[in-house]
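Okay, structure first, notes after.
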Amino acid sequence: MYDPWVKAIFSSVKFGSRMSIIRRYPLLWRLFQALIGKSANKRRETHFQHSVTRVTKRLEKGRDNEGVDLWDYVLSQKEGRGLSRPEMDANAGLFMIAGTETTATLLSGLTYFLLVNPECMKKLVGEVRGAFASADDMTMEQLAALPYLAACIKEAFRMYPPVPLGLPRFTPEDGSTIVGQYVPPNTNLTIPQHAMFTHEKNFKRPMEYIPERWLGDSEFDGDEKQCVQPFSVGSRDCVGKK
Numbered sequence: 001m002y003d004p005w006v007k008a009i010f011s012s013v014k015f016g017s018r019m020s021i022i023r024r025y026p027l028l029w030r031l032f033q034a035l036i037g038k039s040a041n042k043r044r045e046t047h048f049q050h051s052v053t054r055v056t057k058r059l060e061k062g063r064d065n066e067g068v069d070l071w072d073y074v075l076s077q078k079e080g081r082g083l084s085r086p087e088m089d090a091n092a093g094l095f096m097i098a099g100t101e102t103t104a105t106l107l108s109g110l111t112y113f114l115l116v117n118p119e120c121m122k123k124l125v126g127e128v129r130g131a132f133a134s135a136d137d138m139t140m141e142q143l144a145a146l147p148y149l150a151a152c153i154k155e156a157f158r159m160y161p162p163v164p165l166g167l168p169r170f171t172p173e174d175g176s177t178i179v180g181q182y183v184p185p186n187t188n189l190t191i192p193q194h195a196m197f198t199h200e201k202n203f204k205r206p207m208e209y210i211p212e213r214w215l216g217d218s219e220f221d222g223d224e225k226q227c228v229q230p231f232s233v234g235s236r237d238c239v240g241k242k
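In this text, residue positions in the sequence shown follow this note's numbering: the first is 1, and each later residue adds one.
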């Protein structure tokens with residue numbers, strides 16, 4: 001059973017995907033707003049109230065709780081430099097959507113690809129068990145230094161990006177030239193990540209899970225690896241990137 005907040009998030013994400021499609025058809029969009037507008041607002045309000053409730057409970061604990069979490073850093077900011085209460089409520093909802101289910105989605109994809117590619121699983125198990133005597137010896141820094149583990153994760157990002165549609169951008173007031181083609185001002189642009197990451201023009205054997213492509217295998221020297229940007233790029237890329 002999902003927590004009600006998580007359940008509401010799943011529902012909102014699916015709802016938002018449908019909305020993004022309907023927005024492209026003005027007549028349908030006006031009809032949608034007339035018929036579903038109140039329901040959409042209710043979904044947003046439900047999600048926001050979950051955020052407010054969780055923030056309130058966390059603030060009541062202060063910084064005296066066991067361990068350190070994200071909110072500990074929020075509360076440690078000096079007076080005048082920290083987040084206001086409305087900003088905390090808004091960001092709690094954002095972190096819940098962008099910082100939890102995305103990780104779970106990627107790990108689900110990674111697990112699947114390793115299970116259906118037992119030779120990759122065998123290599124990864126050998127690397128991990130060769131580096132650590134037990135799980136207690138593992139640290140984030142040491143895990144990050146394992147090359148095959150990193151390659152497995154990157155290949156999972158390529159084939160199963162948590163945000164498959166990419167994030168939108170708008171062209172500037174004077175338009176923009178992209179790949180030699182002029183795009184008018186204020187045009188909403190996005191690159192579907194899954195399509196780009198699995199296109200045969202960008203990757204050799206694109207539909208195969210091959211971590212070795214990230215480890216210098218000469219067969220994949222022509223791969224456009226720089227296009228794999230699951231966290232987006234620029235000033236508005238994901239804060240969880242590092």
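For glycine and all other residues, C-beta sits at the position ideal for the given N, C-alpha and C. It should be emphasised that the depicted structure is a prediction, and the values quoted were computed from it without experimental measurement.
Within the 8 Å Cβ cut-off, does residue i reach chain B?
i: alanine 156; result: Absent from the structure: chain B. Only one protein chain is present.
What residues match up with residue i in a beta bridge as DSSP calls it?
i: valine 183; result: Ser176
i: arginine 169; result: Leu189
CB-CB under 6 Å to residue i, same chain, minus the five flanking residues each way: which ones, in chain order?
i: threonine 105; result: Pro162
i: proline 118; result: none
If you drop the 5 nearest sequence neighbours on each side, which residues of the same chain put their C-beta closer than 7 Å to that of residue i?
i: isoleucine 260; result: Missing from the structure shown is residue 260; the chain here goes from 1 to 242 and no further.
i: serine 12; result: Arg43, His47
i: serine 232; result: Leu167, Cys238
i: phenylalanine 132; result: Met138
i: serine 176; result: Val183
i: methionine 207; result: Thr198
Can you tell me whether residue i is buried or exposed, with buried defined as 16 or more other CB within 10 angstroms of its CB?
i: leucine 189; result: exposed
i: proline 211; result: buried
i: glutamine 253; result: Residue coverage of the chain in this structure runs from 1 to 242, which leaves residue 253 outside it and unanswerable.
i: valine 55; result: buried
i: tyrosine 25; result: exposed
i: isoleucine 9; result: buried
i: serine 39; result: exposed
i: histidine 199; result: exposed
i: glycine 16; result: exposed
i: arginine 236; result: exposed
i: arginine 205; result: exposed
i: tyrosine 209; result: buried
i: arginine 158; result: buried
i: methionine 140; result: exposed
i: methionine 88; result: buried
Leaving aside the five residues before and after residue i along the sequence, list all residues of the same chain whose C-beta is less than 8 Å from its C-beta, in chain order.
i: asparagine 202; result: Met196, Asp223, Glu224, Cys227
i: methionine 19; result: Phe32, Ala40
i: methionine 121; result: Leu114, Leu115
i: glycine 37; result: none
i: leucine 83; result: Val74, Gln77, Asn91
i: leucine 146; result: Glu127, Val128, Ala131
My understanding is that residue i touches residue j, with C-beta atoms under 8 Å, so please give their C-beta distance in whole angstroms.
i: tryptophan 214; j: methionine 96; result: Their Cβ separation, rounded to whole angstroms, is 30 Å, which puts tryptophan 214 and methionine 96 out of contact at 8 Å.
i: arginine 63; j: leucine 75; result: 5 Å
i: leucine 124; j: leucine 114; result: 7 Å
i: aspartate 174; j: proline 164; result: Between proline 164 and aspartate 174 the Cβ distance is about 31 Å, and since that is not below 8 Å, they are no contact.
i: threonine 171; j: valine 183; result: 5 Å
Going by CA-CA distance only, name the one from the options that's closest to residue i.
i: lysine 241; options: Thr111, Asp137, Thr102, Arg18; result: Thr102
i: alanine 156; options: Asp174, Tyr112, Pro172, Ala98; result: Tyr112
i: glycine 126; options: Leu149, Pro185, Glu87, Thr171; result: Leu149
i: leucine 110; options: Pro206, Pro184, Trp71, Ala151; result: Ala151
i: alanine 144; options: Asp136, Val128, Ser235; result: Val128
i: glycine 93; options: Glu219, Trp71, Met140, Val183; result: Trp71
i: aspartate 3; options: Gly37, Met19, His50, Leu35; result: His50
i: isoleucine 153; options: Ile36, Ala90, Pro230; result: Pro230
i: asparagine 91; options: Glu219, Leu35, Val52; result: Val52
i: alanine 107; options: Pro172, Leu35, Gly180, Tyr160; result: According to the sequence as given, residue 107 is leucine; it is not alanine. Closest option to leucine 107, Cα to Cα, is Tyr160.
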